[in-house]
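According to the UniProt record's numbering, the residues represented by the sequence shown are 1 to 165, in order.
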Amino acid sequence: TLPCLPGARPCIPKDFGHGSLVCVCNATYCDTLDPLVVPAPGSYVKYESSKAGKRLERSEGKFQSSLSTRGLLLTLNISTLYQNVKGFGGSLSDAAAMNILKLSQPAQDNLLRSYFSESGIEYNLIRVPMACSDFSVRPYSYDDVPNDHELKHFRLAEEDVKMKV
Numbered sequence: 001t002l003p004c005l006p007g008a009r010p011c012i013p014k015d016f017g018h019g020s021l022v023c024v025c026n027a028t029y030c031d032t033l034d035p036l037v038v039p040a041p042g043s044y045v046k047y048e049s050s051k052a053g054k055r056l057e058r059s060e061g062k063f064q065s066s067l068s069t070r071g072l073l074l075t076l077n078i079s080t081l082y083q084n085v086k087g088f089g090g091s092l093s094d095a096a097a098m099n100i101l102k103l104s105q106p107a108q109d110n111l112l113r114s115y116f117s118e119s120g121i122e123y124n125l126i127r128v129p130m131a132c133s134d135f136s137v138r139p140y141s142y143d144d145v146p147n148d149h150e151l152k153h154f155r156l157a158e159e160d161v162k163m164k165v
């Protein structure tokens, strides 16, 4: 397991032009968050990012039972549940895996820590495309033999063995 870094470390912004800011994450530095804390009943915690420079900026507030001023009214009915949230995550495409593998080992560790650790955004799910996707460097599938319902010709591609499994 990757060790967690204590305390929040701020984003060091890098501008790619046209309002495209990213936070630097390399072999020696990656921004982190303070550990998440469940807010008290009747209150909430909000994290906001923006083109103006906010990067997961934390703020707190209290729920109101009625709207006392003009603005957006969001009504929560906690007695009716529609779905369970199993977690949060992202996609690991061929392109993402290729870019991660080009990083030095310390940079890879920092990047993965920033996604999966308590000092990061705490992803706990990853979606992996089946065979190639629009983020692959070439088209490929696992079994191109027609009517092979028993998958006798099923083979993982080199990309899958090297980058996804």
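From the three backbone atoms N, C-alpha and C, an ideal C-beta is built for every residue, glycine too.
These numbers come from a predicted model, not from an experiment.
Exercise. Using three-state DSSP, classify S114 as helix, strand or coil.
Key: If you number the sequence shown from 1, residue 114 lands on position 114. Looking at S114 - three-state DSSP - the assignment turns out to be helix.
Quiz item: With a CB to CB cut of under 6 angstroms and the five nearest residues on each side skipped, what residues in its chain are close to V24?
Solution: Residue numbering aside, residue 24 sits at position 24 when the sequence shown is read from its first letter. Correct list, in chain order: I12, K14.
Quiz item: In terms of alpha-carbon separation, which member of C132, I121, A52 lies closest to V37?
Solution: Position 37 of the sequence shown holds residue 37. Among C132, I121, A52, the Cα nearest to that of V37 belongs to I121.
Exercise. Would you kindly report the start and end of the unbroken beta strand (DSSP E) that includes D144?
Key: Counted from its first residue, the sequence shown places residue 144 at position 144. Taken as a continuous stretch (DSSP letters only), D144 belongs to no beta strand (DSSP E), as it is neither H nor E.
Quiz item: Residues in its own chain within less than 6 angstroms of G71 by CB, not counting five upstream and five downstream?
Solution: Your numbering for residue 71 matches position 71 in the sequence shown. Answer for G71: no residue qualifies.
Self-check item: Length at least 4, wholly inside the region 10–55: the alpha helix (DSSP H) runs in chain order
Solution: none
Quiz prompt | Rounded C-alpha distance that separates G90 from S133 | solution = Here residue 90 refers to the residue found at position 90 when the sequence shown is read from its first residue. Here residue 133 refers to the residue found at position 133 when the sequence shown is read from its first residue. Cα-Cα distance, rounded: 15 angstroms.
Practice problem: Answer with buried or exposed for P6, where buried requires no fewer than 16 other C-beta atoms within 10 angstroms of its C-beta. | Solution: In the sequence shown, counting from the first residue as 1, residue 6 sits at position 6. The predicted position of P6 is uncertain, since its pLDDT is 48 and thus under 50; a value taken from the coordinates is nonetheless stated next. Exposed, since its Cβ has fewer than 16 Cβ neighbours within 10 Å.
Exercise. Pick helix, strand or coil for I100, following the three-state DSSP scheme.
Key: Here the question's residue 100 lines up with position 100 in the sequence shown. The three-state reading of DSSP puts I100 in helix, counting H, G and I together.
Quiz item: By DSSP, does E158 sit in helix, in strand, or in coil?
Solution: For the purposes of this step, residue 158 is taken as residue 158 along the sequence shown, with counting starting at 1. Looking at E158 - three-state DSSP - the assignment turns out to be helix.
Quiz prompt | Contacting residues, own chain, Cβ-Cβ under 8 angstroms from R138 (five flanking each side not counted) | solution = Here residue 138 is taken as the residue at index 138 of the sequence shown, counted from 1. Cβ within range, chain order: C132.
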